[in-house]
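Numbering follows my numbering, in which position 87 of the sequence shown is assigned residue number 194; successive positions increment by one, without gaps. Below you'll find the structure, written out as C-alpha coordinates, and then a few comments.
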Amino acid sequence: MDAVHIKETPPSAEQLKELISLSGLEIKKWFNTSGEAYKEMQLKDKLPQMSDDEKIRTLASNGMLIKRPVVTDGKKVTVGYKPEVYEEVWGS
(Lines of atoms letter the chains of each structure in order from A; the text may use other names.)
(Lines give C-alpha, C1' and ligand atoms only; values in the text may rest on other atoms or scores of the structure.)
Protein backbone atom coordinates (compact mmCIF):
# COMPACT_ATOMS: atom_id res chain seq x y z
CA MET A 108 0.00 0.00 0.00
CA ASP A 109 1.36 3.41 -0.96
CA ALA A 110 0.81 6.36 1.37
CA VAL A 111 0.09 9.71 -0.26
CA HIS A 112 -0.09 12.77 1.96
CA ILE A 113 -3.11 14.52 0.50
CA LYS A 114 -2.28 17.72 2.36
CA GLU A 115 0.83 18.15 0.20
CA THR A 116 -0.44 16.28 -2.88
CA PRO A 117 -4.22 16.49 -3.13
CA PRO A 118 -5.82 14.25 -5.75
CA SER A 119 -6.82 15.93 -9.00
CA ALA A 120 -10.48 16.63 -9.74
CA GLU A 121 -10.44 13.69 -12.19
CA GLN A 122 -8.95 11.34 -9.55
CA LEU A 123 -11.47 12.55 -6.99
CA LYS A 124 -14.37 11.98 -9.38
CA GLU A 125 -13.26 8.36 -9.79
CA LEU A 126 -12.64 7.82 -6.05
CA ILE A 127 -15.99 9.34 -5.12
CA SER A 128 -17.74 7.11 -7.63
CA LEU A 129 -16.00 4.00 -6.24
CA SER A 130 -16.85 4.98 -2.66
CA GLY A 131 -20.59 5.15 -3.32
CA LEU A 132 -20.75 8.19 -1.02
CA GLU A 133 -22.26 11.60 -1.64
CA ILE A 134 -19.62 14.23 -2.41
CA LYS A 135 -20.46 16.14 0.76
CA LYS A 136 -19.32 13.12 2.81
CA TRP A 137 -15.80 13.70 1.48
CA PHE A 138 -15.46 17.11 3.14
CA ASN A 139 -13.53 17.39 6.40
CA THR A 140 -16.26 19.44 8.08
CA SER A 141 -14.31 19.85 11.31
CA GLY A 142 -11.23 21.29 9.59
CA GLU A 143 -10.13 24.91 9.67
CA ALA A 144 -10.10 25.26 5.87
CA TYR A 145 -13.74 24.13 5.68
CA LYS A 146 -14.75 26.68 8.30
CA GLU A 147 -12.62 29.51 6.88
CA MET A 148 -14.12 29.00 3.41
CA GLN A 149 -17.64 28.95 4.94
CA LEU A 150 -18.42 25.79 2.98
CA LYS A 151 -21.28 24.79 5.27
CA ASP A 152 -23.26 27.64 3.73
CA LYS A 153 -21.85 27.37 0.20
CA LEU A 154 -22.00 23.61 -0.51
CA PRO A 155 -25.80 23.39 -0.97
CA GLN A 156 -25.64 25.87 -3.88
CA MET A 157 -22.57 24.33 -5.54
CA SER A 158 -22.69 21.91 -8.48
CA ASP A 159 -21.02 18.51 -8.12
CA ASP A 160 -18.17 19.68 -10.37
CA GLU A 161 -17.65 22.78 -8.21
CA LYS A 162 -17.56 20.61 -5.06
CA ILE A 163 -14.99 18.28 -6.63
CA ARG A 164 -12.82 21.19 -7.84
CA THR A 165 -12.99 22.69 -4.35
CA LEU A 166 -11.87 19.40 -2.77
CA ALA A 167 -9.02 19.12 -5.29
CA SER A 168 -7.88 22.67 -4.52
CA ASN A 169 -6.96 21.94 -0.89
CA GLY A 170 -6.06 18.54 0.56
CA MET A 171 -7.07 19.74 4.02
CA LEU A 172 -10.71 19.84 2.86
CA ILE A 173 -10.73 16.07 2.26
CA LYS A 174 -11.79 13.79 5.09
CA ARG A 175 -8.95 11.43 5.94
CA PRO A 176 -7.82 8.77 5.60
CA VAL A 177 -8.82 7.87 2.06
CA VAL A 178 -8.02 4.21 1.43
CA THR A 179 -8.37 2.49 -1.93
CA ASP A 180 -7.22 -0.61 -3.72
CA GLY A 181 -8.44 0.72 -7.05
CA LYS A 182 -11.77 -1.08 -6.71
CA LYS A 183 -13.07 -0.01 -3.29
CA VAL A 184 -12.68 3.25 -1.37
CA THR A 185 -13.26 4.22 2.25
CA VAL A 186 -13.15 7.78 3.56
CA GLY A 187 -12.56 8.72 7.17
CA TYR A 188 -11.99 6.21 9.91
CA LYS A 189 -14.91 4.37 11.38
CA PRO A 190 -13.47 1.15 12.86
CA GLU A 191 -16.51 -0.98 11.96
CA VAL A 192 -16.57 0.19 8.31
CA TYR A 193 -12.80 -0.08 7.97
CA GLU A 194 -12.85 -3.64 9.39
CA GLU A 195 -15.77 -4.65 7.16
CA VAL A 196 -14.13 -3.39 3.97
CA TRP A 197 -10.44 -3.99 4.62
CA GLY A 198 -10.29 -6.67 7.34
CA SER A 199 -7.79 -6.22 10.14
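Even for Gly, the Cβ is constructed at its ideal location relative to N, Cα and C.
Give me the Cβ distance between residue i and residue j, rounded to the nearest whole Å; I'm assuming they're in contact under 8 Å.
i, j, result
"L123", "L166", "6 Å"
"L129", "V184", "4 Å"
"D197", "V177", "In the sequence as displayed, the identity of residue 197 is Trp instead of Asp. At roughly 12 Å, the Cβ-Cβ gap does not stay under 8 Å, so W197 and V177 are not in contact."
For a quick check, are the C-beta atoms of residue i and residue j less than 9 Å apart?
i, j, result
"K135", "K153", "no"
"G170", "E115", "yes"
"R175", "A120", "no"
"L150", "T140", "yes"
Count the other CB atoms within 10 Å of the CB of residue i; is the residue buried (16 or more) or exposed (fewer)?
i, result
"Y145", "buried"
"P155", "exposed"
"P117", "buried"
Counting contacts by CB-CB distance shorter than 9 Å, is residue i in contact with chain D?
i, result
"D160", "The chain inventory of the structure shown lacks chain D, comprising one protein chain alone."
Go through its chain and collect everything with a Cβ distance to residue i's Cβ below 8 Å, but skip five positions before and after it.
i, result
"H112", "G170"
"S168", "P117"
By Cβ distance, which residues of its chain are closer than 7 Å to residue i, with the 5 residues on each side in sequence left out?
i, result
"Y188", "P176"
"D159", "I134"
Among residues of its own chain, excluding the 5 on either side of residue i, which ones have a beta-carbon nearer than 6 Å to its beta-carbon?
i, result
"G142", "M171"
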